[in-house]
Every structure is written in C-alpha cells, then in structure tokens.
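With my numbering, letter number 24 in the sequence shown gets 43, and the count goes up by one each step, no holes. A short worksheet on the structure shown next.
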Amino acid sequence: MGELVNNEREEHRRAVEEVIHSGRLEGFPDDADWNAMMRRYANGELELDDLQRYADET
C-alpha cells in the first residue's frame, strides 16, 4: 500500500470518526467489527478494496 502523508492519514481518521459518530446520532447500533475495519483503513492498514470486500461479505 502506498504511504499516506501524515495529513492525509489524519484526514482519513477524522472522516471515519465522523461517519461513526453520525451513525450513532442517526440511531444505528454500533458494529465494533465494521468500526474497527474502517479505522484500519483510515490508518493505512487496509486498501479500499479490502474494506469493500468486508462490507460485501457481511
């Protein structure tokens, strides 16, 4: 996976946390596994394809 610059990684982390928070505000139950996968993506540990594949499997 290509290296993300610190600013890009921080933007990804912030976006993921906003999505999780927004879901809570909308009344969606927390899905710890999905949240963990999104955080791993934001940290550069997964590619977008990995995240999409996980979403398709669940």
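Where a beta carbon is used, it is the ideal one built from N, C-alpha and C, also for glycine.
Check your understanding: Quick one: what's got a C-beta closer than 6 Å to Tyr73's C-beta in the same chain, skipping five residues either side?
Key -> Cβ within range, chain order: Met56.
Point to revise | Same chain, Cβ closer than 6 Å to Leu65, five either side skipped, listed in chain order | key: Here the set comprises Arg59.
Point to revise | Nearest-angstrom Cα separation, counted from Glu37 out to Leu44 | key: Straight through space, the alpha carbons of Glu37 and Leu44 are spaced by roughly 10 Å.
Review point. Should Ala61 and His40 be called a contact, given that it needs their Cβ atoms to be closer than 7 Å?
Key: Taking a C-beta distance under 7 Å as the contact criterion, Ala61 and His40 do not qualify as a contact pair.
Review point. By how many angstroms is the C-alpha of Glu27 removed from the C-alpha of Trp53?
Key: Straight-line Cα distance between these residues: approximately 21 Å.
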